[in-house]
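Undergrad: One structure is given below, represented as structure tokens, and several questions about it will come after.
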Amino acid sequence: MTADPEDNSSPQNQREGTQSFIKKEPGDVSICSKIDEVGWLSFISFGWVFNYLWKTYRGQIEPCTNWTCSIFDSANVNMTRLEVMWNEERSKKPENPSLFLVILRFIKYRLIGACFIFALCLIFGFIGPTCLVRGLIAYVEEPPLNNAGRVDYIYGLYIVTAILLVEISRVLLYGACWAVSYRTGIRVRGAVLSLMYKHLMNSRSLRNKTPAEIVNVCANDGQRLFDAITFAPLVLVGPFVLVGGLIYLLKVIGWPSLSGIFVFFIFDVVQAILGITMVKFRNRAIDKTEKRMNLMGEIIRSIRTIKMNSWEEIFMKKVTDMRQNEKNCLKVAGYAQSLAIATGTIVPVVATIITVLVVVATGSDLKASDAFSSITVFFVMLFGIRMIPYGSRYLAEASQSIRKIQVMLNYPTFDQQIPHPKNYDIAVQMKNAKFVWDTVEEEKPKENSKKNGTVANGNGKLPDGQDSEVVPLNAETPGKLDFSLNEIDLVIQKKQLIGVCGGVGSGKTSLLHSIVGQLLYESGEFAISGSPVLVSQVPCVLNTTVRENILFGLPFNSQRYYKAISCSELTHDLESMPKNEQTEIGERGVTLSGGQRARVSLARALYAMKDIYLLDDIFSSIDKQVADKIFTKTIKEYLESKTVLLVTSDAEYLSKCDKIIFMQDGRIGGFDTHEALMGNSSEYKDFFEHYIQPASYSSRTNSPEVPKSPKDTAEVGNEKVDEIPDKITEDEEDYGLDNIKKDIYVHVSSSLEGLITIHSFSQTNRFVDTFKGKLDEHSGAMFMFQSAMRWQAVWLDLLVVAVTVIVSLMIVILTKSITPADAGMALAFALQMSGVFQFAVRSQTELESKLTAVERVSYYYKNIDQENSGCEKEPPKDWPKEGSIKFSNVLMRYRKDATPALNLVNFEIDDGEKVGIIGRTGSGKSSICNALFRLYPIDAGQILISAVDAAAVPLKSLRRAMAVIPQDPVIFAGTIRFNLDPDGICSDEQIWRVLEMIGLKDTVQGFPEKLDYKLESNGGNISGGQRQQICVSRALLRDVKIVILDEATANLDSQSDKQIQECLREQCAEKTLLMVTHRLSNVTDMNKLIKMEDGPLHALDFSFFSDWLSPASEPSPSEADSNIDNAADSIQTAQQYEDESLIPHKRFKRCAGCSLPTNGQSSEPLFGPGVITVTDNGGSPCSVTVTCNAAYQDSTAIVALTLQKDDGGETPAESQGGLTFDGSPISQDLDCDGAGFYYIPGNFSSQKLTNVVFCESSASLTTTTETTSTSTTSTSSTS
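Okay, so the sequence shown: first residue is 2 according to my numbering, each after it adds one.
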């Protein structure tokens, strides 16, 4: 058995003692690795690999399988040892602990053992050329004679036998050194990465690190540590070869050898200079590589925005420039390394020539045996020269990696213990409590700016305009983070439903995070009873099945599981998935919609059966009808016995809560019932009336959310976007371990992104154990690969030994006929064959591996379809003259044979019109944008922009003719100026003017660098509202005729939404505006409203509505009916229309001289099924009469009406009342609250209305509005 040098007990005892650390997976037969069962000779010669390779070749086992990591090499065991040492180091030197010293202490016995083995290897390596080769050549020079006077061949055979034994010992000792070093490197890599991951998983924040950067550390820095450890014995002991060679040469040749030694000294100086140069430029290259890969990741994640704005050339230039800088550094480092290797290679030759010349010049006598043994020694000394550049490289890379990891090991940990309240009935109790996000100083304090997060304005309030108070875990907090919760006095009883609301950045999310212990409890009193669970606004979804995401490590209980699914309204969603609950949902849940991800997170929390539920604005991405069901069935009924804190801006839900926490500037501005706060708190009343977003209409009603279309799966070809940068930067040796490495990287990325959720569910240890298991799996396969490579080297060396022995034997046999010079030359070349053979085979293997990387990278430009730029002929310079858009029978699919995303869509938008596009998830809203920008080719039909076929316009010109504001704001790492104007064509005056219009000028002027203030990737150092404002400003700076908002304000609160909407309406007054939205309040003043459902467009031709609302000429009833029939015919199947199928809106303004009927009766209807007449009866209520046209007497459609007053706000106040219409005249009274503007919104399906009632005074009130049908008579609905 192979013993471990640092262990005092037998392997069997160690296995028994460490079994508690090893977690057996189901199906494991033994926890023992096969490497622990091989003999010592097989271990050092890697003979055990031959049996494995043979079975693989015969197909008896699969490559990289059936090979487990040794217990002694497992990440769990070694991380435990390293963690103890690291904690001791931190206790001894809390200010400046050294991870480098800890690692040295961790491996010191194994490192000493490996160095001792390698020293023995060098000794045997010296014995060969110094004693045996010299003796064999001396044997040829003066053959010894036996008693019979003949050549004594037995003596020669003794020398040959000695050469055989010495060379075999050298090869085996060299193999033993590598075998020990490989396992040491795997232990260090596993221990350091596991300790880093465990510490990060227990940290309160990732500070200035992103999950992608930590994945890069696992991928690259872990490998650098492994390389440094495995080469450490060679680097440490190798230079001693020079000392041994110097002593031998002085003894054999004398002082003339100093000339050769001087040559070595000169080359050593050159090697040192080249090594320093290589380290310097390689470190620069590493930094530039990381920056370039961050940019590449940013580009790939934002590729949609880049393409839609035609910025490919801009970012290509940025990447090219960064790559050129990186290449320049790599070129210098490569030249230095190549020169070092080249000069190192010729050192023995130059030293030998100089030495021989000096010997000849001085007239010294030099025997052939001395000359050739000296030549051989010079070549042995070459090894020491070569180790200098290798040592410099590995030391530089490892030291930089260790520094990076050490910084992360100093992050503050999540270790706060929260006491229980004395009163059993209290769930959460706070008294004058203060909570802060982070209080640890960074190594390099910077100016008072926030990186990757949000800071306060000085009084605990976040920057103005922030849409959400979610503080990312990767927020860097230079010094002490300004934002905090102060003077929190709160007592929440058990089984209460508490609503949490407040203004932008008031502390709503921070309050929930403080309850789960994510914020540091700094002062005051804080107690909690029971276990809390947080459902974050940004759902944490793992790359596994739906079931595993819901169970989240807990044992399966069918009753609880299916109840959680039912209460989360996931039943219908699971039925639509390919494998139901066993469906893999992909990294970050890319195959799920936003609402589905939110409900999966909710189901996870419900299944966990916790005591306190903290729901952070979970309804923001869920449609209204589903949200209503969840609130009623789940929160009010299923969680009736639990304590629930619900962050929401929905007035309906807040009014049904037991109590409401009103947050203001990081403090509690009020805590009472809704009625009490409305009566006692003027701030709450003002906030509720002006900023609380009422239950907005969702365009996804009555439609279960569907999985995302292929366009949204964040893939390029078949590759996830987060994996592409790693492939570009590290597509080196394809060891057949890619799948294992991907599992590690995906696990790290997804777990760190969901860190708060994992803390909330107390699942940190499970994720750490999973990481260590995946790392052990990769370590086992990695050791197998390295062992296979070393097996090749060892047996090639043994082959060379055989050749050397044969040459030596032939020299002995041919002693009489061979000259000493020939014998010496033959032996010298035979001994050098080992390095040549290994170099040739290794170079071939590495070349094949490197070419695999080329092949894989070439996939992206060979197999991924390239965009068709279209016609090369540029359109006229003044195109587009107007912003008209026309879709004619447009059919578009995202993939061949897929269901059409746009199914024969027809509509026409005139220049300057404002059009709203609504529809449930997956219905084709964003597909209209994709078709306009030609992100995907259309299969049939035609799109005209300003009367020009979009397919005939060059792609760049087409996309530059439009501007888009995406739902998720895209901010690039760079200055504010670059983010606003990547093309660099706008003047500062233009930029400042737009910033002033959008309300961002004061904020930017507050930055020290103003427009040159550097933003981080994703806008980490500004608020969410500011990010969206920059995107809007970016679009407004482009002087285009068509502006598209793709759910641009979906994640904003009503205040930020209103501000941006007002700015857009003012600045886009003469532009064509397309707004994809699910908020009905955003489209009340649109000229047209398009409803998408599964690709087709409901009521495709509705231009006559604009004429009706603002008639230049009145269409006749027959023309109107014809239009309606044409629209109905274009719909392939009769489907029941939703409320919002097609609602043209035109808000009437109060004006003098309005022509209104005065007799209480309507004029003849222009067209439609009937006339609504509202007559004032001298006060309230008003009389409403609906009269049916004769042509529509048989209509069976039902219409429900509600009279509402337009008080100038976004949503008119509702009045009571309603009436139904089934074809007969009906009258009903509705409340009419004095003079003002009123309208009757249609809550109907087949009958489409725009009804505006003008109350001039309480004595005179009449007007008419018409209803128009847009569907076949077979369509019906109930209100």
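By construction, the Cβ of each residue, glycine as well, lies at the ideal position given by its N, Cα and C atoms.
From a predicted model like this one, the values you see are computed outputs, not experimental measurements.
#1: May I ask you to list the residues that DSSP assigns as paired with residue 673?
#2: From the DSSP output, which residues share a beta bridge with residue 500?
#3: Just to confirm the assignment, what range does the alpha helix (DSSP H) spanning residue 640 have?
#4: Cutting at 6 Å between CB atoms, please list the residues of its own chain near residue 50, excluding the five before and the five after it.
#5: Following the continuous beta strand (DSSP E) through residue 887, name the residue where it begins and the one where it ends.
#6: State the Cα-Cα distance for the pair residue 864 and residue 896, rounded to the nearest angstrom.
#7: Quick check on the DSSP output: the beta strand (DSSP E) that includes residue 879 runs from which residue to which?
#8: Quick one: is residue 85 buried, meaning 16 or more other Cβ sit within 10 Å of its Cβ, or exposed?
#9: Roughly how far, in whole angstroms, is the beta-carbon of residue 1092 from the beta-carbon of residue 919, given that I think they are within contact range, below 8 Å?
#10: Would you kindly report the start and end of the unbroken alpha helix (DSSP H) that includes residue 954?
#11: What does DSSP give as the partner residues of residue 528 in its beta bridges?
#12: Need the endpoints of the beta strand (DSSP E) that residue 533 sits in, please.
#13: Measuring CA to CA, which of 742, 768 and 520 is closest to residue 753?
#14: Where does residue 1075 land, buried or exposed, given buried means 16+ other C-beta within 10 angstroms?
#15: Could you give the C-beta distance for residue 546 and residue 582, rounded to a whole number, given that I count them as a contact under 8 Å?
#16: What number of angstroms, rounded off, separates the C-alpha of residue 608 from the C-alpha of residue 635?
#17: Ignore the nearest five residues each way along the sequence and tell me which others in residue 944's own chain have a CB closer than 8 Å to its CB.
#18: Quick one: give me the first and last residue of the alpha helix (DSSP H) that residue 322 is part of.
#19: Within 10 angstroms of its Cβ, does residue 898 collect 16 or more other Cβ (buried), or is it exposed?
#20: Count the other C-beta atoms from every protein chain shown that fall within 10 angstroms of the C-beta of residue 750, then say buried if there are 16 or more, exposed otherwise.
#21: Measure the alpha-carbon distance for residue 839 versus residue 801 and round it to whole angstroms.
#22: On the three-state DSSP scale, how would you describe residue 917?
#23: When you compare the CB positions of residue 396 and residue 192, do they come within less than 8 Å of one another, or not?
#24: What do you get for residue 55, buried or exposed, if any count of 16 or more other CB atoms within 10 angstroms of its CB means buried?
#25: Whose CA, out of 90, 825, 393 and 907, lies closest to the CA of residue 135?
#26: Is the separation between the beta-carbon of residue 666 and that of residue 510 shorter than 8 Å?
#27: Can you give me the start and stop residues for the beta strand (DSSP E) that residue 1283 sits inside?
#28: For residue 1, count neighbouring C-beta atoms within 10 Å of its own C-beta (all shown protein chains included) and say buried if the count is 16 or more, exposed if not.
#29: Following the continuous alpha helix (DSSP H) through residue 757, name the residue where it begins and the one where it ends.
#30: Tell me, which residues are paired with residue 613 by DSSP?
#31: Identify every residue that forms a DSSP beta bridge with residue 1294.
#32: The beta strand (DSSP E) with residue 272 in it runs from where to where?
#33: Can you list, in chain order, the residues of its chain with a C-beta nearer than 7 Å to that of residue 776? Leave out the 5 residues immediately preceding and following it.
#34: Please report the straight-line C-alpha distance between residue 159 and residue 59, rounded to a whole angstrom.
#35: Going by C-alpha to C-alpha distance, which of 214, 218, 237 and 114 sits closest to residue 184?
#36: Assign residue 632 to buried or exposed, taking buried as 16 or more other Cβ atoms, counted over all protein chains shown, within 10 Å of its Cβ.
TA: Reading off the structure:
#1: 661
#2: 647 and 661
#3: Here residue 640 belongs to no alpha helix (DSSP H), and DSSP marks it neither H nor E.
#4: 788, 789 and 792
#5: 886-893
#6: 15 Å
#7: From DSSP, residue 879 is part of no beta strand (DSSP E); its letter is neither H nor E.
#8: exposed
#9: 5 Å
#10: Here residue 954 belongs to no alpha helix (DSSP H), and DSSP marks it neither H nor E.
#11: 430
#12: 533-536
#13: 768
#14: buried
#15: 7 Å
#16: 12 Å
#17: 886, 887, 888, 889, 891, 932, 933, 950, 951 and 952
#18: 313-363
#19: exposed
#20: buried
#21: 10 Å
#22: strand
#23: no
#24: exposed
#25: 825
#26: no
#27: Because residue 1283 is not part of the residues shown, which for the chain are 2 to 1280, the question remains open.
#28: What the structure shows of the chain is the stretch from 2 to 1280, and residue 1 is not part of that stretch, so it cannot be assessed.
#29: 756-761
#30: 533 and 644
#31: Examination of residue 1294 is not possible in this model, given that the chain is present from 2 through 1280 alone.
#32: Per DSSP, residue 272 belongs to no beta strand (DSSP E); it is in the alpha helix (DSSP H), 258-302.
#33: 76, 191, 194, 195 and 745
#34: 42 Å
#35: 114
#36: buried
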